[in-house]
Amino acid sequence: MYELKNFSEVIVKKTLEDYLPVANIPCKCERCQADIMAFVLNRFPPRYYVSLKGEVMTHFESQMFPDKARVLAEVVGAAQIVAAFPSHPLDQKEE
Numbered sequence: 001m002y003e004l005k006n007f008s009e010v011i012v013k014k015t016l017e018d019y020l021p022v023a024n025i026p027c028k029c030e031r032c033q034a035d036i037m038a039f040v041l042n043r044f045p046p047r048y049y050v051s052l053k054g055e056v057m058t059h060f061e062s063q064m065f066p067d068k069a070r071v072l073a074e075v076v077g078a079a080q081i082v083a084a085f086p087s088h089p090l091d092q093k094e095e
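In terms of the numbering used here, the sequence shown is residues 1 to 95.
Here it is in structure tokens:
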């Protein structure tokens, strides 16, 4: 089966997953992670591709995305904004 994927989303999600264990933010719940992802993805253009389910992305596709340092900087910045203005009260974390 063919699947439409957004390479921007894949890279941002991976960067967020790598960052969260060292992030000094008050909440790392699913909702806050989704808010961080949305914030960052709105700052990058979508990079869609079609692949067979489970296919590994090619080197060419990775060349289309901004450098990893910029992605990490955007994730860190978004995490700080979401931490300062969470979508839920911090005493009622959505786990």
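Just so it is clear, CB atoms sit at the ideal spot from N, CA and C, and this is done for glycine as well.
- The Cβ-Cβ distance between Arg47 and Ser8 falls below 9 Å.
- The Cβ-Cβ distance between Ala83 and Cys27 falls below 9 Å.
- Here Arg43 has Glu74 as same chain residues with Cβ atoms under 6 Å from its own Cβ, once five neighbours each way along the sequence are excluded.
- If you draw a straight line from the Cα of Gly77 to the Cα of Tyr49, it comes to about 27 Å.
- Rounded to whole angstroms, the separation of the alpha carbons of Asp67 and Asn24 is 23 Å.
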